[in-house]
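Trainee: Chains as they are written, first to last, in this note's numbering: chain A, 3 to 246; chain B, 65 to 321. Let me begin by handing over the structure; questions about it come next.
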Amino acid sequence: MIRLRSVVKSYERRVLSSLDLHVERGTLYGLVGPGAAGKSVVLKVIAGLVRPESGTVEVGETDVGRLDELGLAEHRKHVGMVFQNNALFDFMTVGENVAFPLRRLESLPEPEIQRRVTDRLARVGLPGFEARSPSGLSGGQKKRVAVARATVISAPVVLYDEPAAGLDPVSSQRLFDLLREEQRKAGNTVVMVSSDVDRLLTVTDRVGVMHEGRVVFEGSTDLARESDHPVVRQFLRGELEGPL
Amino acid sequence: MSGLLPSLGRAVLDIVGVVGAIGVLFGRILSRLVRLDLDGRQTLASLYRMGVKSLPIVIVTALFTGGIMVVQAAPTVERYGVQSLLGWGAGFGTLREVGPLLTALMISGRVGANNTAELGTMVVTEQFDGLRALAIDPLSFLIVPRFIGIVTTLFLSTVFADVLALFGAAFAGWPLLGVEPGVFFDGVTGGLLGVPDVVHGLVKSVAFGIGMALASSHFGIATSGGAPGVGRAVNATVVTTASFIFVLDYLVSFAIR
Numbered sequence: 003m004i005r006l007r008s009v010v011k012s013y014e015r016r017v018l019s020s021l022d023l024h025v026e027r028g029t030l031y032g033l034v035g036p037g038a039a040g041k042s043v044v045l046k047v048i049a050g051l052v053r054p055e056s057g058t059v060e061v062g063e064t065d066v067g068r069l070d071e072l073g074l075a076e077h078r079k080h081v082g083m084v085f086q087n088n089a090l091f092d093f094m095t096v097g098e099n100v101a102f103p104l105r106r107l108e109s110l111p112e113p114e115i116q117r118r119v120t121d122r123l124a125r126v127g128l129p130g131f132e133a134r135s136p137s138g139l140s141g142g143q144k145k146r147v148a149v150a151r152a153t154v155i156s157a158p159v160v161l162y163d164e165p166a167a168g169l170d171p172v173s174s175q176r177l178f179d180l181l182r183e184e185q186r187k188a189g190n191t192v193v194m195v196s197s198d199v200d201r202l203l204t205v206t207d208r209v210g211v212m213h214e215g216r217v218v219f220e221g222s223t224d225l226a227r228e229s230d231h232p233v234v235r236q237f238l239r240g241e242l243e244g245p246l
Numbered sequence: 065m066s067g068l069l070p071s072l073g074r075a076v077l078d079i080v081g082v083v084g085a086i087g088v089l090f091g092r093i094l095s096r097l098v099r100l101d102l103d104g105r106q107t108l109a110s111l112y113r114m115g116v117k118s119l120p121i122v123i124v125t126a127l128f129t130g131g132i133m134v135v136q137a138a139p140t141v142e143r144y145g146v147q148s149l150l151g152w153g154a155g156f157g158t159l160r161e162v163g164p165l166l167t168a169l170m171i172s173g174r175v176g177a178n179n180t181a182e183l184g185t186m187v188v189t190e191q192f193d194g195l196r197a198l199a200i201d202p203l204s205f206l207i208v209p210r211f212i213g214i215v216t217t218l219f220l221s222t223v224f225a226d227v228l229a230l231f232g233a234a235f236a237g238w239p240l241l242g243v244e245p246g247v248f249f250d251g252v253t254g255g256l257l258g259v260p261d262v263v264h265g266l267v268k269s270v271a272f273g274i275g276m277a278l279a280s281s282h283f284g285i286a287t288s289g290g291a292p293g294v295g296r297a298v299n300a301t302v303v304t305t306a307s308f309i310f311v312l313d314y315l316v317s318f319a320i321r
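Right, dumping it as structure tokens:
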């Protein structure tokens, strides 16, 4: 379970304004909204990468806001994350990238690490890519490597920031289907931010719509589609007239 | 005039801000060094990438540096007939000043700028956040190994450059002034030069290495604004490192006379 209450965060301007968010355990939650609404910051707050100025952040039994640096490092071990720019380490091969969390966070023998890396890459449709360099991959392949790295350890919470950014529609749908399958198989809690709303809504259980640093709608995917909230309606239907 | 003072004030505040941030970074690096909290594989990789791969540029620079010193000294040496002092003159200048200084400037262009570009690219592509998301301290994993790599590279390169520059000088002095290498090296080892002269230059190389590692890492970590931001960070590193090198050169020369 993830629960954010009255979370406030500012950089040069207010990014999160008393934001409340509740994600039930084991659900695939889609977080959508117009650009600069604060979606990526919400993911970083949940991951413990960004400290809010006020409010509470609970992930499972952990009150993330009260953790010191060591506590945050421990918390991050239980959260997988795919970044908007993939964040693949370009000084490592694809195999080393995927093996990295296993080598750093788990005490496994090397053959077991290799087996898991091979399995994971096959699972995301990149068998035999272990020795390749991330710089030689297409955008879609990089995304899949990032997914493999984020899910190679069975983290109870996985966060995806724009997993389909830059992908063509077919690759995008394939990726969302893959992420859905992964979530169903692992039974973990997933929060996914994406601008590709149409495809995102085909895989989510629940959806939250953000506007100006708050969640202005929260409910099932079906309810979101039928919502009369002006921001939700305009955003999900892509209408030109409205508050956005 | 009315716009000059505020501009000057802003420039001073900027410099103080950068020096302060570099000081804080130095403290954080030292705290990890004391605890030996660093990644061994990254340290070895840094030493190879920065040290071994810099050898060709160090060799070329050092050999020609020694030769240039003899070419410049040749008219005076001939006029006063002090061929026997050629080894001392070239050694004094090389070991105390020219060896460490030119090596640092060359390594700064190759290693310092590259360090900033790599770290800056990692920052703008969220690789730093990626490490933190995996509960890994980017300072221990990336910065401390690079700090060790740069300081060690500059120290060892300076030792190497000193030796090569003396050979370069010796073999330039032979055809130019008729000073045989044996006579040249007698001048180097004849008693006018000593261990303090070697130490003087090597202390400088360590100071230059620390300054270069801190400046290049600071501007890399502080990169923002995508690819143009990486370019600005590299530019800032080149300018700041060169300034550091000359200021530190003066301070060390003054402190260890």
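Note that beta-carbon positions come from the ideal geometry of N, C-alpha and C, so glycine has one too. Given the structure is predicted, the values throughout are model-derived calculations rather than measurements.
Whole angstroms is fine: what's the gap from A/Ala226's alpha carbon to A/Tyr13's?
Mentor: 30 Å
Trainee: Assuming A/Ser56 and A/Val10 form a contact by the criterion Cβ under 8 Å, report the distance between their Cβ atoms to the nearest whole angstrom.
Mentor: 5 Å
Trainee: On a Cα-Cα basis, can you pick out the residue from B/Thr253, B/Gly237, B/Gln191, B/Leu315 that is closest to B/Thr287?
Mentor: B/Gln191
Trainee: Specify the secondary structure class of B/Val294 as computed by DSSP and reduced to three states.
Mentor: helix
Trainee: With a threshold of 8 Å between beta carbons, is A/Ala49 in contact with chain B?
Mentor: yes
Trainee: Output, in sequence order along the chain, the residues in the stretch 188 to 211 of chain B whose CB is closer than 7 Å to any CB in chain A.
Mentor: Cβ contacts with chain A come from Thr189, Glu190, Gln191, Asp193, Gly194, Arg196, Ala197, Leu198, Ala199, Ile200.
Trainee: For A/Asn87, which residues in chain B fall below 7 Å Cβ to Cβ?
Mentor: Identification of chain B residues near A/Asn87 by a Cβ-Cβ cut-off of 7 Å yields Thr189, Glu190, ordered along the chain.
Trainee: Use the C-beta contact count for B/Ala154: other C-beta atoms within 10 angstroms, 16 or more gives buried, fewer gives exposed.
Mentor: buried
Trainee: Would B/Leu312 and B/Ala277 be called neighbours here (beta carbons separated by less than 8 Å)?
Mentor: no
Trainee: Would you call the stretch 96 to 104 of chain A in contact with the stretch 167 to 182 of chain A, where contact means no fewer than 3 C-beta pairs closer than 8 Å?
Mentor: no
Trainee: Does the structure place the stretch 153 to 169 of chain B close enough to the stretch 220 to 227 of chain B that three or more beta carbon pairs sit under 8 Å?
Mentor: Yes, they touch.
Trainee: Use the C-beta contact count for A/Phe237: other C-beta atoms within 10 angstroms, 16 or more gives buried, fewer gives exposed.
Mentor: buried
Trainee: Between A/Phe91 and chain B, is the shortest Cβ-Cβ distance under 8 Å, so that the two count as touching?
Mentor: yes
Trainee: Chain B partners of A/Leu107, CB-CB under 8 Å?
Mentor: Here the neighbours are Leu198, Ala199.
Trainee: Does the count of Cβ pairs from the stretch 83 to 100 of chain B and the stretch 138 to 157 of chain B closer than 8 Å reach three?
Mentor: no
Trainee: Check whether the stretch 136 to 155 of chain A touches the stretch 58 to 70 of chain A, taking contact to mean three or more Cβ pairs, one atom from each stretch, closer than 8 Å.
Mentor: no
Trainee: Does the pairing of the stretch 73 to 80 of chain B with the stretch 172 to 188 of chain B give three or more beta-carbon distances under 8 Å?
Mentor: no
Trainee: In angstroms, rounded to a whole number, what distance separates the CA positions of B/Val116 and B/Asp103?
Mentor: 19 Å
Trainee: Under 8 Å between the Cβ atoms of B/Ile207 and B/Ser281?
Mentor: yes
Trainee: So for A/Phe93, helix, strand or coil by DSSP?
Mentor: coil
Trainee: At the 8 Å Cβ level, is A/Ala75 part of the contact set with chain B, yes or no?
Mentor: yes
Trainee: Between which two residues does the beta strand (DSSP E) carrying A/Ser8 extend?
Mentor: 4 to 12
Trainee: Please tell me whether A/Arg239 and A/Ser222 are closer than 8 Å, where the distance is taken between their beta carbons.
Mentor: no
Trainee: Any Cβ of chain B within less than 8 Å of the Cβ of A/Arg15?
Mentor: no
Trainee: What residue range does the alpha helix (DSSP H) around B/Tyr144 cover?
Mentor: Residue range 119 to 144 is occupied by the alpha helix (DSSP H) that includes B/Tyr144.
Trainee: Would you kindly check if the distance between the Cβ of B/Leu240 and the Cβ of B/Val134 is under 8 Å?
Mentor: yes
Trainee: Would a check of beta-carbon distances place A/Pro136 closer than 8 Å to chain B?
Mentor: Not an interface residue.
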